[in-house]
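Contents: one structure, followed by commentary.
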Amino acid sequence: MSDFACAAGCMPGMDDDRSFELGDYEGALARWCPGCGDHAVLTAVQRLLVAEQLKPEQTVFVSGIGCSSRFPHYLKTYGFHGLHGRAFPVATGVKLHRPDLNVFVVMGDGDCCSIGAAHWIHAIRYNMNMVALLLDNSIYGLTKKQTSPTTPQGFKTNTQPMGSFLPALNPLTTMLGTTNVSFVAQTAEWIPAHLYATLRAAYHHKGLGFVRILQRCPMFTPSLYERALRDPSLIELLVHDDGVNAPELDGIYGNRIAHDPGNLNEGRQLAEDSARIRLGVFFRDENRPRYDEIRRPPKVSATERIALLNAELDKYAV
Ligand code: SF4
C-alpha cells in the first residue's frame, strides 16, 4: 500500500509541507438519494479530514455493503468496499499491519448489527485505534425497505408488512455491555455541529471510537426523525468537558444532562431510556488495552521482508 503512488498521486519521499483542501479528499460524485442523511455525514467527514490535515495516502476508509458503504468511492483516500458485515475484519487487518494509517470503518445498521454482529462485538473488545461509524437509518435501504435489527417495533416494511415483530436492538447498550469497550457516542446527521464535534472526539480517542449516527432515509423511513427535526425539545444533549460540546447549539437544544463519560453505569442507564433521543458521549476510557498496541508487528526493512518471504517460498521449492 505504501510503496507506490497513492490515490492522490503522491509518492513516497514527497516533501511534507503539503497542505490539503477539500478538493484533495473529494472522490466521485455521491449518488445517494436527494435528502439522504449520508450526504451530511460525508460532508462532516471531509471537514474532519481537512481540519486534521490527514494525508490522503495515509488514510483508509473500509466499508461493508449497503447505501452508506458507498462511502469510500466518494473520498480520494484509500478505500476498501468490502463484503456485507465484514468491514471490521478488513479494517483490523489493515490497522494491525499498518498502525501508521488512519483507519475509518463505515457501516450501516443491517451491515454492522446483523450479519456483521459477531465482528462488531469482537472489534469492540479488540479496541484498536480506529474510528467506526454506524450510519443507522433503521432499515435495509439498498435492498428496498427490509426490516433491520434497529427497525422500530411495529414499523411496516416489505419483509414484515404488518409491522416489525420484535423490539429494536439498541446498539448503544449492546456496545456498553461489551468487554473492553472504550468509546461510545451517538449523534444525528441533521445537527451538523454536533455531528462534527462527535467525529472529532472519536478521531482523537485512543482506541476504537465508535459513533452511532442517527440517519434519515427519506426513501424508506421518512417519518422516523420527523418530529425530532421539528422539535428540538425531543433531543437531550449529554454534556461534559470530556464529552462533546458544541456551543453553537446552546440556543437551540436546551435539554441537557451533565454526564461524565467515565461513568459506565450511568452511561448504560442513559442509553437504555429510549423515550428521548440522547446525543453525546456515553462512555470513554483511554486506559483500556488495545490489541494493536499489544500485537504491534515488529518493524522490518524491505530487504528483511524479502528475505523472510524468500525463506517461506523456499520451503515449497522442488
Ligand atoms: Fe439514503 Fe435511503 Fe436512498 Fe439509501 S435508500 S441512499 S439510505 S435515502
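Sequential numbering from 19 applies to the sequence shown in the working numbering. Note that CB positions come from ideal geometry on N, CA and C, so glycine has one too. Computed from a predicted model, the values in this text were never measured in an experiment.
Leaving aside the five residues that flank L213 on each side, the residues in its chain whose CB is nearer than 8 angstroms to its CB run, in chain order, A58, V59, A62, T205, A206, E207, I231.
Looking only at N198, C130, R49, C54, the smallest Cα-Cα distance to P307 is reached by N198. In this structure, the CA atom of D118 is about 26 angstroms from the CA atom of L153. For D56, the distance from the CB to the nearest heavy atom of the ligand SF4 is below 7 angstroms.
Within 7 angstroms of the C-beta of N155 there is at least one heavy atom belonging to the ligand SF4. Judged by DSSP secondary structure, L331 falls within the alpha helix (DSSP H) whose first and last residues are 320–332. Secondary structure at E284: helix, using DSSP grouped into helix, strand and coil. Per DSSP, the unbroken alpha helix (DSSP H) holding V112 starts and ends at 105–115. Look at the beta carbons and you see the segment 317–327 not touching the segment 216–223: under three pairs across the two are nearer than 8 angstroms.
Taking the Cα positions, T192 is about 24 angstroms away from G100. Between R104 and G126, the C-beta spacing is not below 8 angstroms.
Annotation: the segment 60–136 contains the following complete segments of the beta strand (DSSP E) (minimum length 3 residues), in chain order: 77–81, 96–99, 120–126. Per DSSP, the continuous beta strand (DSSP E) segment holding L256 begins and ends at 253–257. Spanning the alpha carbons of I157 and M180 requires a straight line of approximately 15 angstroms.
Three or more beta-carbon pairs separated by less than 8 angstroms are not found between the segment 250–269 and the segment 87–94, which leaves the two stretches without contact.
Per DSSP, the continuous alpha helix (DSSP H) segment holding R245 begins and ends at 244–248. Of all C-beta pairs linking the segment 308–318 to the segment 107–115, three or more are shorter than 8 angstroms, placing the two stretches in contact. Sequence-distant Cβ neighbours of Q64 in its own chain, meaning closer than 8 angstroms and more than five residues away, are L40, Y43, E44, L93. Within the segment 291–322, the alpha helix (DSSP H) runs of at least 4 residues that lie entirely inside it are, in chain order, 309–312. Ranking N147, V124, Q171, E244 by CA distance to the CA of G225 puts N147 first. Residue state for E44 is assigned as strand, using DSSP reduced to three classes.
Runs of the beta strand (DSSP E) lying entirely within the segment 172–243, each at least 3 residues long, are 201–206, 226–232 in chain order.
Membership of M148 in the beta strand (DSSP E) is indicated by the continuous run 148–154. Close CB contacts of R49 within its chain, under the 8 angstroms cut and outside five residues either way in sequence, are with R88 (chain order).
In terms of CA proximity to H277, L256 leads the group W138, I295, L256, A150. Distance from the C-beta of W50 to the nearest heavy atom of the ligand SF4 is below 7 angstroms.
Assignment of beta-bridge partners to A335 by DSSP yields no partner.
Excluding sequence positions up to five before and after Y144, its CB lies within less than 7 angstroms of the CB of T110, Y309, all in the same chain and listed in chain order.
Assigned with DSSP and collapsed to three states, I275 falls in strand. By the C-beta density criterion, Q71 is exposed, having fewer than 16 other C-beta atoms within 10 angstroms. If you check the C-beta of C130 against the ligand SF4, you find no heavy atom less than 7 angstroms away. When the Cα atoms are used, F173 and S182 turn out to be separated by approximately 5 angstroms.
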